[in-house]
Amino acid sequence: LMWQVLGRLDLAPRTYAQAADIFDVVCLKSSLASEAAQLPATCVAICRLLKKCDCGPLSAAERLQCREAFTSFTDILSQLGLLPNTRGPQAPRPTSAEADAELAARERSLLEDLGWRIDMRSAEDWLTAYGLRLDIATAGMFRDSLVWALKHSTSCAKGARQQATVLELPPRLLATGYLCHGLVCARMLSYDRLCPEASVDATVWKRLYAGSQPGGVLPECSLRVETQDALLEQLCLATCSDMEAFKLATLSVLEGGALGHGAAPGAPIGA
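Written out as structure tokens, the structure reads:
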């Protein structure tokens with residue numbers, strides 16, 4: 028339903044992922060997942076909020092489209108027996124004013140659930156930004172390998188949407204962890220450089236990382252130690268972070284799962 032409403036409101040494709048992220052957060056913070064009665068208003072209210080953030084107040088035609096989607100979705104769930112028929116079998120549909128009032132009330136409750144932060148960047152957004160910054164910071168020296176690492180990291184981030192434990196983590200932390208993991212898989216960083224020694228033993232870390240790799244074979248870094256040091260320095264600048272944050276973020280995504288397997292590229296340019 029949300030994709031249909033977003034399409035009718037002429038919103039950019041990027042908002043589809045944003046809508047999914049908001050829906051996931053709301054499910055985690057409320058009882059929405061177990062209350063079908065809230066679904067129609069929630070889905071349409073998310074679309075209304077994204078449209079308002081993108082273009083300002085809704086036009087009369089856009090409000091009409093949202094009302095129609097809301098009543099249509101409610102009717103479908105009622106026919107499937109998923110909603111209690113509180114209005115009675117012969118009751119008329121809610122008026123335009125009633126529908127608008129219910130959607131407006133749901134918008135406010137959504138904003139409260141989100142801490143009034145509707146412009147939520149996804150992990151994929153952060154990965155794109157980090158990748159561009161790192162490519163600039165390294166003067167394009169590792170571009171081919173970095174493109175592979177970003178593709179792999181983004182695939183992992185998309186797969187993480189199915190992991191409730193991962194969805195509880197901030198998108199920026201997820202992006203940092205998946206980028207570091209992608210750099211290891213691209214043979215640009217050695218996996219042991221990211222071991223959080225304070226919380227994980229080196230042997231446990233090796234076993235944990237091996238479990239994320241096809242066949243349990245750990246990738247062998249192709250860069251010299253001093254080159255890795257320089258790359259990590261630029262990664263700190265690109266992500267506005269530090270080594271401790273890299274280690275904890277990588278540990279979080281490894282423990283959360285959803286790490287796809289892919290054939291590692293050849294030796295990074297600049298090795």
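Going by the numbering used here, the sequence shown opens with residue 28, and the numbers climb by one from there.
Idealized CB from N, CA, C, for every residue including glycine.
- For the options 182, 34, 280 and 174, the alpha carbon positioned closest to that of residue 238 is the one of 280.
- Taking the CA atoms as reference points, residue 160 sits about 5 Å from residue 265.
- The three-state reading of DSSP puts residue 251 in coil, since its state is none of H, G, I, E or B.
- For the pair residue 139 and residue 166, the Cα-to-Cα distance works out to about 43 Å.
- Contact between residue 184 and residue 202 holds: their C-beta atoms lie close to 7 Å from each other, under 8 Å.
- Taking residue 199 as reference, the option from 96, 72, 78 and 275 with the minimal CA-CA separation is 275.
- Residues 85, 93, 130 and 134 of the same chain have their beta carbon placed closer than 7 Å to that of residue 75, with the five preceding and five following residues left out of the count.
- The beta-carbon distance between residue 141 and residue 32, rounded to whole angstroms, is 18 Å. This is too long to meet the 8 Å contact definition.
- In the three-state DSSP reduction, residue 29 falls in the helix class (H, G or I).
- Within its own chain, the residues whose Cβ lies closer than 8 Å to the Cβ of residue 42, once the five positions on either side in sequence are excluded, are 33, 77 and 81, listed in chain order.
- Distance from the CA atom of residue 251 to the CA atom of residue 148, rounded to whole angstroms, is 34 Å.
- Going by DSSP, residue 205 is part of the alpha helix (DSSP H) stretching over 198 to 212.
- Its chain contains 97, 100 and 101 as the residues whose beta carbon lies nearer than 6 Å to that of residue 67, once the 5 sequence neighbours on both sides are disregarded; these appear in chain order.
- Minimum Cα-Cα distance from residue 197 among the listed residues 209, 254, 144 and 240 corresponds to 144.
- Here the C-alpha atom of residue 234 lies approximately 13 Å from the C-alpha atom of residue 246.
- Assigned with DSSP and collapsed to three states, residue 52 falls in helix.
- Beyond the five residues adjoining it in sequence on each side, residue 215 comes within less than 8 Å, by CB distance, of 169, 172, 173, 176, 248, 249, 250, 255, 258 and 295 in the same chain, given in chain order.
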